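Visitor:
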Amino acid sequence: MKLEKLKEEKKKGKITFLLKDSDEVFANTIRRLVMEEVPVLAVEDLEIKDNNSALYDEMVGLRLGLCPIKTDLKSYELKENCKCGGEGCARCELKITLKSGKNGYVYCEDAVSTDPKCTFAYPKMPIVKLLPKQKVEMTLTAVLGKGKDHAKWIPGLAFYKREVNIKVGKVANPEQIVQQCPAPGIFSVKGNKLEVNSDKVHDCQICQKCVELDENISLEETGNFIFSLESWGQLAGKEMLHHAAEILVAKVDEMEKLL
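Just add 346 to the spot in the sequence shown (first one is 1) and you have this note's numbering.
1) What are the start and end residues of each continuous beta strand (DSSP E) run of 3 or more residues lying completely inside the region 477-540, in chain order?
2) Taking the straight line between their C-alpha atoms, what separation do you get for Glu365 and Phe505?
3) Look at the alpha carbon of Gly515 and the alpha carbon of Asp560, and state the distance between them as a whole number of angstroms.
4) Quick check: the region 392-406 against the region 356-371, are there 3 or more CB pairs under 8 Å?
5) Provide the residue span of the beta strand (DSSP E) that contains Val389, from first to last.
6) Please name the residue or residues paired with Leu440 in a DSSP beta bridge.
7) Anyone know if the C-beta pair for Gly352 and His548 falls short of 8 Å?
8) Taking only the alpha-carbon atoms, compute the straight-line gap between Leu349 and Pro530 and give it to the nearest angstrom.
9) Tell me the start and end of each unbroken beta strand (DSSP E) in the region 548-600 that is at least 3 residues and wholly inside, in chain order.
10) Tell me whether the region 530-543 and the region 475-495 touch, counting them as touching only if at least three CB pairs, one residue from each stretch, are closer than 8 Å.
11) Taking only three categories from DSSP, how would you classify Ser421?
12) Candidates Tyr468, Gly447, Met601, Pro414: which alpha carbon is nearest Asn397's?
13) Counting C-beta neighbours from all protein chains within 10 Å, is the total for Met347 16 or more, i.e. buried, or is it exposed?
14) Label Ile387 either buried or exposed according to how many other C-beta atoms from any shown protein chain fall within 10 Å of its C-beta, with 16 as the threshold for buried.
15) Spatial neighbours of Ile500 within its chain, please: CB distance less than 6 Å, with the 5 preceding and 5 following residues excluded, ordered by chain position.
16) From the DSSP output, which residues share a beta bridge with Thr362?
17) Can you have a look at Pro469 and say buried or exposed, based on whether 16 or more other CB atoms are within 10 angstroms of its CB?
18) Name the residue from Glu509, Leu575, Gln526 whose alpha carbon lies nearest to the alpha carbon of Ser544.
19) Kindly indicate which residue of Lys445, Val389, Ser399 has the alpha-carbon position closest to the one of Glu439.
20) To which residues of the same chain is Asn449 closer than 7 Å at the C-beta, ignoring the five residues directly before and after it?
21) Is Ser459 helix, strand or coil when you go by DSSP?
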């Protein structure tokens with residue numbers, strides 16, 4: 347099994363790589379580990395001291411739970427693994443205070459975290475809108491959790507597709523192929539001849555539209571997979587993959603002990 351990085355968009359938290367010498371079972375295992383097993387921080391409990399906004403307490407809690415929090419996995423433990431026995435300490439809980447009485451939107455940036463490394467990932471994400479004389483004041487408790495237990499703990503999207511080679515023969519209407527292809531840039535026309543841009547082949551959606559339009563075009567699977575990880579802000583794409591690999595090794599070791 348080999349990995350080859352194809353593209354990384356740090357601002358979007360997205361990384362795309364080529365998975366070689368593997369199979370769909372392994373690719374799907376990595377996908378599920380990323381989305382279900384890699385832990386991240388999310389708001390779990392609220393102590394509401396004041397809230398006379400238009401949103402009732404439960405709705406504010408639901409919104410806060412789905413606001414991604416930057417996560418430092420070296421500093422926090424899952425409650426079930428913490429030395430405090432899950433009672434709650436600085437190692438397994440993150441405290442955040444939210445207090446505002448200003449007219450207008452209350453944003454994630456208005457919340458103050460006790461850990462400057464772990465704050466809400468999107469400062470301008472709105473939580474609630476206040477009218478004059480309305481206010482909110484609450485203490486949030488964020489804990490590590492896994493996506494298999496609740497969607498708020500899913501660190502991002504993980505998806506893959508098969509890599510293909512596009513073979514082109516003599517095409518009757520090359521301009522039509524270029525226009526109908528949903529992935530711009532894959533095909534181009536030079537001298538009334540259809541050409542495949544090799545640096546854009548990985549953008550192919552394997553929709554088979556070009557094959558349907560002309561029998562002289564074919565898609566051949568290489569046996570490799572194009573794997574994409576898109577973070578929701580808690581962890582970088584590389585971190586998601588790294589921790590998924592660590593979890594896989596730990597699970598294999600545990601199985602080996604049981605055999």
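Glycine included, every Cβ here is placed at the ideal spot set by N, Cα and C. As the structure is a computational prediction, the values presented were derived from the model and not from experiment.
Guide: In short:
1) 482-491, 502-514, 533-536
2) Here residue 365 corresponds to residue number 19 of the sequence shown, with the count starting at 1. Here residue 505 corresponds to residue number 159 of the sequence shown, with the count starting at 1. Note on identity: in this sequence residue 365 is Leu, with Glu being the wrong assignment. Looking at the two C-alpha atoms, the distance is approximately 12 Å.
3) Here residue 515 refers to the residue found at position 169 of the sequence shown. Here residue 560 refers to the residue found at position 214 of the sequence shown. So the alpha carbons of these two residues sit roughly 9 Å apart.
4) no
5) Within the sequence shown, numbered from 1, the residue matching residue 389 stands at position 43. It spans 386-397 - the beta strand (DSSP E) in which Val389 sits, taken as one unbroken run.
6) If you number the sequence shown from 1, residue 440 lands on position 94. DSSP, once it has assigned bridges, lists Ala488 as partnering Leu440.
7) Here residue 352 is taken as the residue at index 6 of the sequence shown, counted from 1. Here residue 548 is taken as the residue at index 202 of the sequence shown, counted from 1. Per the sequence shown, residue 352 should be read as Leu rather than Gly. Yes, the Cβ-Cβ distance between Leu352 and His548 is below 8 Å.
8) Translated into positions along the sequence shown, residue 349 becomes position 3. Translated into positions along the sequence shown, residue 530 becomes position 184. Rounded to whole angstroms, the gap between the alpha carbons of Leu349 and Pro530 is 26 Å.
9) As far as the region 548-600 is concerned, its whole beta strand (DSSP E) runs of at least 3 residues are 563-577.
10) Two segments are said to touch when three or more pairs of C-beta atoms, one from each, lie closer than 8 Å; by this definition the region 530-543 does not touch the region 475-495.
11) By one-based count along the sequence shown, residue 421 stands at place 75. Ser421 falls in the coil class under three-state DSSP.
12) Taking the sequence shown and counting its residues from 1, one reaches residue 397 at position 51. For the residues Tyr468, Gly447, Met601, Pro414, the minimum Cα distance to Asn397 belongs to Gly447.
13) Your numbering for residue 347 matches position 1 in the sequence shown. Flag for Met347 reads exposed.
14) Looking up residue 387 in the sequence shown gives position 41. The sequence as given places Leu at residue 387; Ile does not occur at that position. The residue is buried, with at least 16 neighbouring Cβ atoms inside 10 Å.
15) Sequence index remark: in the sequence shown, residue 500 carries index 154 (1-based). Only Met381, Gly493 meet the Cβ criterion.
16) To locate residue 362, count along the sequence shown from 1; it is residue 16. Its beta-bridge partners are Lys353, Ser574.
17) Position 123 of the sequence shown holds residue 469. So Pro469 ends up on the exposed side.
18) For this step, residue 544 is matched to residue 198 along the sequence shown. The option with the nearest alpha carbon to Ser544 is Glu509.
19) The residue labelled residue 439 in the question sits at position 93 within the sequence shown. Of Lys445, Val389, Ser399, the residue nearest in Cα terms is Val389.
20) Here residue 449 is taken as the residue at index 103 of the sequence shown, counted from 1. Within the same chain, Asn449 has close Cβ partners Leu476, Leu477, Pro478.
21) Position 113 of the sequence shown holds residue 459. DSSP places Ser459 in strand when its eight states are reduced to three.
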